[in-house]
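Engineer: Protein chains in written order, with my numbering: chain X, 2 to 281; chain Z, 46 to 293.
Positions of the beta carbon are idealized from the N, C-alpha and C atoms, including for glycine.
Fair warning: this is a prediction, and the values are worked out from it, not measured in the lab.
Below: one structure in structure tokens.
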Amino acid sequence: MDSELLSFRDVSYAYPGGARLSARFPALRGHAIDSVTFSVATGSAVAILGANGSGKSTLLQLCNGLLDPDSGAISWQGSPMDRSRSGLTRVRSQVGLLFQDPDDQLFAGTLFQDVALGPLNQGLSRSEVRERVQDALEKTGLSEYADLPPHVFSHGMRKRAALAGVLAMRPKLLLLDEPTAGLDPESEERLLEIMTDLVDRGVSILVSTHDLDLARMWARDTVILDRGRLAAFGPSEQMMSNAELLEATGLRRRACRSSFGEDRMAAATGFGRVSRMGKP
Amino acid sequence: MRSIEEAACLSRWRDRTVEVCILCFGLALCAVSIPSVFAGGVVFAAVCCLVAVAGVPWAGYLRKLAVAGGFVAVSVLPLSVGVVFGPRFELYFDRSGFETAILAVARAVAMLSVTLLLVHTTPFPRLLVLLRVLRFPETLLELLALVHREIFLLDESFSRLRRALACRDGGRGAKHGIHALGLGAAALFVQALRRSERIERGIASRASVDGTVRFWEEPIKVRPLPLSCALGVPAVLAAWIFRGRLGF
Ligand SMILES: Nc1ncnc2c1ncn2[C@@H]1O[C@H](COP(=O)(O)OP(=O)(O)OP(=O)(O)O)[C@@H](O)[C@H]1O
Ligand SMILES: [Mg+2]
Chain X
2 MDSELLSFRD VSYAYPGGAR LSARFPALRG HAIDSVTFSV ATGSAVAILG ANGSGKSTLL
62 QLCNGLLDPD SGAISWQGSP MDRSRSGLTR VRSQVGLLFQ DPDDQLFAGT LFQDVALGPL
122 NQGLSRSEVR ERVQDALEKT GLSEYADLPP HVFSHGMRKR AALAGVLAMR PKLLLLDEPT
182 AGLDPESEER LLEIMTDLVD RGVSILVSTH DLDLARMWAR DTVILDRGRL AAFGPSEQMM
242 SNAELLEATG LRRRACRSSF GEDRMAAATG FGRVSRMGKP
Chain Z
46 MRSIEEAACL SRWRDRTVEV CILCFGLALC AVSIPSVFAG GVVFAAVCCL VAVAGVPWAG
106 YLRKLAVAGG FVAVSVLPLS VGVVFGPRFE LYFDRSGFET AILAVARAVA MLSVTLLLVH
166 TTPFPRLLVL LRVLRFPETL LELLALVHRE IFLLDESFSR LRRALACRDG GRGAKHGIHA
226 LGLGAAALFV QALRRSERIE RGIASRASVD GTVRFWEEPI KVRPLPLSCA LGVPAVLAAW
286 IFRGRLGF
């Protein structure tokens with residue numbers, strides 16, 4: 002039986018000033034995360050789906066103690082998350098977070114230095130740090146760029162560089178915030194291989210994404226967030242076959258499904274029915 | 046900035062931090078003590094040879110030298126004009142002032158060429174390692190490393206903002222230029238604040254709760270042959286510059 006790694010019980014979080022904003026603009030809610038309860042077991046592959054602004058990034062930042070919940074409880078490995086300095090250091094060295102914007106986490110002068118940052122903070126020996134950095138760079142296909150500064154990379158390469166920085170920490174739980182956005186198909190495939198390999202080795206992964214295919218093909222379980230609330234949590238297959246749920250939470254287009262939508266799209270693009278292009 | 050950093054990362058001397066620093070320190074001493082414009086020319090010629098050996102791209106190097114040197118050269122004008130405030134206001138050409146100014150400019154340009162050689166051949170992170178070996182305060186070095194990265198991010202944000210503005214307003218004319226600059230600077234300020242908050246989270250997420258950042262540093266190696274060249278070149282140059290005073 003898989004043991005429980007991380008669990009959320011009735012967790013709510015509001016950004017400072019959120020209440021005032023939501024009073025004027027109801028669409029911007031006071032709570033970015035609102036009474037969320039779910040748990041992640043060791044070795045699980047979970048996708049977090051949700052429309053823009055539904056709270057995916059906020060949820061991930063709560064998972065490694067970067068944000069403090071306003072109410073509710075977060076447990077790590079069976080006990081309440083220790084928020085003392087040493088406790089947080091321990092949690093963060095076991096829970097790796099890949100940010101949505103790679104520039105938020107690339108701050109060293111060279112790629113090698115950047116990837117080495119986490120392992121150095123973990124207090125590892127130089128030889129071990131070097132070994133981990135080389136391994137992470139190899140996995141992400143960036144070995145030959147180790148001595149270059151991050152600003153010469155394209156967005157997709159920065160994303161892979163940021164991922165290398167997290168992989169080098171060898172976390173027990175990996176939080177990936179829209180890792181495939183902006184990656185080319187080859188890099189995406191490589192990333193999926195890395196993710197699958199890690200899960201096989203017992204690492205748990207939580208991926209926030211808008212990509213239903215990723216959730217369907219890779220994730221065993223799926224969390225669906227809707228305006229900060231947990232709309233559903235369960236096996237991916239079950240979630241993905243629930244068209245109503247996907248539409249209600251803004252994860253699937255309504256317009257394109259109906260023939261009316263197809264005709265409207267055809268009128269807009271002038272190409273005839275999109276799905277039948279080349280086959281009149 | 047970007048081109049300097051890129052040149053440094055691709056330079057043949059990128060791993061020779063100590064040797065390059067010694068070489069440039071020696072050349073800088075020669076540059077500030079040249080007795081004549083001709084000697085300045087010789088130092089400059091020597092630096093140009095080194096630029097070629099190090100594989101620094103010429104065009105970028107000379108362009109930066111021309112811009113910086115141009116600013117310095119402007120100072121020749123006020124120094125070579127004398128003013129008499131008598132019963133009659135008079136302007137005249139001051140020969141000694143001109144000669145002093147020309148010598149000062151020669152020294153400044155020689156010094157600039159050496160500084161540019163250093164930054165085009167030594168990546169900034171390597172310079173920081175050297176500063177650490179020289180016992181610069183840890184906090185200052187950490188700050189320098191983060192500021193270095195931030196400068197590039199802000200530069201990138203700023204050029205993106207300007208391009209986006211140019212797309213929408215055509216981007217032509219002085220009025221548009223000033224407008225774009227003002228808007229860009231204001232937006233940049235907000236972005237810088239947000240970014241600092243996000244970078245703080247980024248650092249914290251990698252197991253650094255107290256905010257200290259430990260950077261990986263390759264140990265500095267010094268090889269005998271490059272070291273002797275780094276010592277020899279300035280020594281030969283200095284011997285030639287001061288040959289009169291040294292008695293040969
Ligand atoms: N720094 C912040 N300050 C105030 N409010 C914020 C901040 N970051 C996010 N929010 C608000 O919190 C809510 C959830 O944001 P979050 O970034 O977690 O959404 P998301 O699901 O990751 O969206 P996306 O798909 O666009 O990345 C949004 O309503 C947003 O406006
Ligand atoms: Mg997000």
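Any beta carbon from chain Z within less than 7 Å of Pro150/X's own beta carbon?
Structural biologist: Yes, contact with chain Z.
Engineer: If Val167/X sits next to Leu99/X, beta carbons under 8 Å apart, how far is it from one beta carbon to the other, in whole angstroms?
Structural biologist: Confirmed, about 5 Å.
Engineer: If you measure from the beta carbon of Glu187/Z to each beta carbon in chain X, is any gap under 7 Å?
Structural biologist: Chain X, which has no Cβ nearer than 7 Å to the Cβ of Glu187/Z, makes this no.
Engineer: Is the CB-CB distance between Gly85/Z and Ala155/Z below 7 Å?
Structural biologist: Cβ distance < 7 Å, so Gly85/Z and Ala155/Z count as in contact.
Engineer: By Cβ distance below 6 Å, which residues in the same chain neighbour Leu29/X in space, the five residues on each side in sequence not counted?
Structural biologist: Excluding residues within five positions, the ones whose Cβ falls inside 6 Å are Leu22, Ser23.
Engineer: Out of Val63/Z, Arg61/Z, Ala76/Z, Glu50/Z, which one is the CA nearest neighbour of Ala280/Z?
Structural biologist: Selected option, being the one with the closest Cα: Ala76/Z.
Engineer: Comparing the C-beta of Ala53/Z with each C-beta of chain X, is any distance below 7 Å?
Structural biologist: Not closer than 7 Å to any Cβ of chain X, the Cβ of Ala53/Z fails to qualify, so no.
Engineer: Take Arg93/X as the anchor and find which of Arg246/Z, Leu226/Z, Arg288/Z has the nearest alpha-carbon.
Structural biologist: For the residues Arg246/Z, Leu226/Z, Arg288/Z, the minimum Cα distance to Arg93/X belongs to Arg246/Z.
Engineer: Examine ligand 1 and report whether any of its heavy atoms sits within less than 6 Å of the Cβ of Tyr16/X.
Structural biologist: At least one heavy atom of ligand 1 is nearer than 6 Å to the Cβ of Tyr16/X, so yes.
Engineer: Put Pro81/X into one of helix, strand or coil per three-state DSSP.
Structural biologist: Reduced to three states, the DSSP call for Pro81/X is strand.
Engineer: Could you work out which residues of chain Z lie near Gly65/X, taking near to mean beta carbons separated by less than 8 Å?
Structural biologist: First, the amino acid is wrong: residue 65/X is Asn here, not Gly. Chain Z residues near Asn65/X: Ser250.
Engineer: Quick check on the contact list: which residues have their beta carbon closer than 7 Å to a heavy atom of ligand 2?
Structural biologist: Qualifying residues come out as Lys57/X, Ser58/X, Gln101/X, Asp178/X, Glu179/X, Ser209/X.
Engineer: Looking only at its own chain, which residues have a Cβ that is under 8 Å from the Cβ of Ser144/X, when we skip the five neighbours before and after it?
Structural biologist: Excluding sequence neighbours, Ser144/X sits near Gln135, Leu138.
Engineer: Go ahead and label Lys220/Z buried or exposed: buried means 16 or more other beta carbons lie within 10 angstroms of its beta carbon, across all protein chains shown.
Structural biologist: Classification of Lys220/Z: exposed, given that the 10 Å Cβ count is below 16.
Engineer: What number of angstroms, rounded off, separates the C-alpha of Ala104/Z from the C-alpha of Leu110/Z?
Structural biologist: C-alpha separation (whole angstroms): 10 Å.
Engineer: Can you list, in chain order, the residues of its chain whose CB lies under 7 Å from that of Ile265/Z, leaving out five sequence neighbours each side?
Structural biologist: Around Ile265/Z: Thr62, Val63, Val174, Leu175, Val178.
Engineer: Can you name the start and end residues of the beta strand (DSSP E) that Glu5/X belongs to?
Structural biologist: Unbroken beta strand (DSSP E) run through Glu5/X: 5–14.
Engineer: Can you name the residues of chain X whose CB is closer than 8 Å to the CB of His321/Z?
Structural biologist: This structure cannot speak to residue 321/Z, because chain Z is shown only from 46 to 293.
Engineer: Can you find a heavy atom of ligand 1 that lies under 6 Å from the Cβ of Leu29/X?
Structural biologist: Indeed, a heavy atom of ligand 1 lies less than 6 Å from the Cβ.
Engineer: What would DSSP say about Leu67/X, mapped onto helix, strand or coil?
Structural biologist: In the structure shown, Leu67/X sits in coil (DSSP, three-state: anything other than H, G, I, E or B).
Engineer: Quick one: measure Cβ to Cβ for Gln106/X and Ser58/X, integer angstroms, because I've assumed they're closer than 8 Å.
Structural biologist: Incorrect: roughly 13 Å between the Cβ atoms, too far for contact.
Engineer: Residue range of the alpha helix (DSSP H) that Leu172/Z falls in?
Structural biologist: Where Leu172/Z is concerned, the enclosing alpha helix (DSSP H) stretches over 169–178.
Engineer: Are there any heavy atoms of ligand 1 lying less than 6 Å away from the beta-carbon of Ala182/X, as far as the coordinates show?
Structural biologist: Ala182/X Cβ: outside cutoff for every heavy atom of ligand 1.
Engineer: How many angstroms separate the CA atom of Glu129/X from the CA atom of Asp198/X?
Structural biologist: Taking the straight line joining both Cα atoms gives about 21 Å.
Engineer: Quick check on this structure: which residue in Arg152/Z, Leu270/Z, Val235/Z, Arg251/Z has the alpha carbon closest to the alpha carbon of Gly66/X?
Structural biologist: Out of Arg152/Z, Leu270/Z, Val235/Z, Arg251/Z, Arg251/Z has the C-alpha closest to the C-alpha of Gly66/X.
Engineer: Drop a sphere of 10 angstroms on the beta-carbon of Phe9/X, count the other beta-carbons inside from all chains shown, and report buried for 16 or more, exposed for fewer.
Structural biologist: The residue is buried, with at least 16 neighbouring Cβ atoms inside 10 Å.
Engineer: Span of the beta strand (DSSP E) holding Val208/X?
Structural biologist: Where Val208/X is concerned, the enclosing beta strand (DSSP E) stretches over 205–210.
Engineer: Please tell me whether, using a cut-off of 6 Å, the distance from the CB of Ala33/X to the nearest non-hydrogen atom of ligand 1 is below it.
Structural biologist: Checking the Cβ of Ala33/X against ligand 1 gives yes.
Engineer: May I ask you to check if the CB of Asn53/X is nearer than 6 Å to at least one heavy atom of ligand 1?
Structural biologist: Yes, Cβ of Asn53/X sits closer than 6 Å to a heavy atom of ligand 1.
Engineer: Where do the N-terminal and C-terminal ends of the beta strand (DSSP E) with Gly127/Z fall, by residue?
Structural biologist: It spans 126–130 - the beta strand (DSSP E) in which Gly127/Z sits, taken as one unbroken run.
Engineer: Which of the three DSSP states, helix, strand or coil, is assigned to Glu144/Z?
Structural biologist: If DSSP states are grouped into helix, strand and coil, Glu144/Z belongs with the helices.
Engineer: Listing by chain order, which chain Z residues have their CB less than 9 Å from the CB of Gln106/X?
Structural biologist: Within 9 Å Cβ-Cβ: Arg243, Ile244, Arg246, Gly247, Ile248, Ser250, Arg251.
Engineer: Please state the DSSP three-state secondary structure of Asp222/X.
Structural biologist: Note: Asp222/X maps to strand in three-state DSSP.
Engineer: Can you list, in chain order, the residues of the stretch 111–138 of chain X whose Cβ is nearer than 7 Å to any Cβ on chain Z?
Structural biologist: Per Cβ criterion, the list reads Thr111, Phe113, Gln114, Ala117, Leu118, Gly119, Leu121, Asn122, Gln123, Val130.
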